[in-house]
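In my numbering, the protein residues as written are 2 to 231.
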């Protein structure tokens, strides 16, 4: 459609319609043709592929996540990088201490810098992609342990790459402890993360870290389902 068509459809001034179309064009959701009209862009194709990918990942991982929950006794999350956000695509709740519910929800975005799953995915992204994602972030200090600036976060991410796993030491919600490891696809790229999570009165961070061998084994199995060969 033309700029005039878009303005009429949206019932806004042409200048407003132009700003909207320019924003969509920058994200590659629309593309301007040589004739000056706008058509759907490749970004929509990528978005649909990412959505299908998240569905496939959840299907492949479901049984493995439930087995991990039974063996650890703690809540298990699967989070995936979808577009510019890290989204919980599956969650297996722990029956322990049901009086306090974890704030996570399937389909909701997780803090990209104040969570174990967010940090482990960030740590393994190419620098250019990491810079792009973090350029949208407004750092906040949620708790005393939050990595609330880019420099301290980069030090933390380097440590994650060195040891191969991430922790959340109450960095968004002070009572939530978590450990996470990466999930890789057929190209060897980190596309998701699996975590074991508990509130601190149920398990300290040190106790959760005792589950790392099981967590790594599960991540290897999920990665293998995604075509990754170690």
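Just so it is clear, CB atoms sit at the ideal spot from N, CA and C, and this is done for glycine as well.
Next item on the list: Identify every run of the beta strand (DSSP E) within the segment 60-91, keeping only runs that are complete inside it and at least 3 residues long; order them along the chain.
Entry: The segment 60-91 contains these whole beta strand (DSSP E) runs: 76-83.
Check: By Cβ distance, which residues of its chain are closer than 7 Å to residue 135, with the 5 residues on each side in sequence left out?
Finding: Within the same chain, residue 135 has close Cβ partners 151.
Item checked: Reference residue 60, options 91, 73, 30, 71, closest by Cα -> Comparing alpha carbon positions, the residue from 91, 73, 30, 71 closest to residue 60 is 91.
Notebook entry, point to check: Quick one: is residue 205 buried, meaning 16 or more other Cβ sit within 10 Å of its Cβ, or exposed?
Noted result: Answer is exposed; the Cβ neighbour count stays below 16.
Notebook entry, point to check: At what residue ranges does the segment 173-207 contain a whole run of the beta strand (DSSP E), taking only runs of 3 or more?
Noted result: Secondary structure in the segment 173-207: the beta strand (DSSP E) runs of 3 residues or longer, each lying completely within the stretch, are 177-185, 191-200 in chain order.
Notebook entry, point to check: Would DSSP call residue 169 helix, strand or coil?
Noted result: Secondary structure of residue 169 (DSSP, three-state): strand.
Checklist line | Assumed close pair residue 191, residue 122 - CB separation to whole angstroms, cut-off 8 Å | finding: Your pair residue 191 and residue 122 checks out as a contact, with CB atoms roughly 6 Å apart and the cut at 8 Å.
Next item on the list: List the residues that DSSP assigns as beta-bridge partners of residue 40.
Entry: 32
Checklist line | Close-in-space but distant-in-sequence residues of the same chain around residue 220 (CB under 7 Å, 5 per side omitted) | finding: 182, 183, 184, 195
Next item on the list: Could you check which residue in 19, 83, 169, 9 has the C-alpha nearest to that of residue 193?
Entry: 83
Item checked: Residue closest to residue 63, alpha-carbon to alpha-carbon, out of 42, 89, 171, 43 -> Proximity to residue 63 across 42, 89, 171, 43 peaks at 89, based on C-alpha coordinates.
Note to self: Considering only their Cβ atoms, is the gap separating residue 200 from residue 103 smaller than 9 Å?
What the structure shows: Yes, they are a contact pair.
Checklist line | Close-in-space but distant-in-sequence residues of the same chain around residue 32 (CB under 8 Å, 5 per side omitted) | finding: Counting only residues of its own chain and dropping the five nearest sequence neighbours on each side, residue 32 has a CB closer than 8 Å to the CB of 26, 39, 40, 41, 42, 43.
Item checked: Own chain partners of residue 3 with C-beta closer than 8 Å, once the 5 adjacent residues on each side are dropped -> 37, 38, 39
Next item on the list: Assign residue 173 to buried or exposed, taking buried as 16 or more other Cβ atoms, counted over all protein chains shown, within 10 Å of its Cβ.
Entry: buried
Check: What are the start and end residues of the alpha helix (DSSP H) that includes residue 125?
Finding: 117-125
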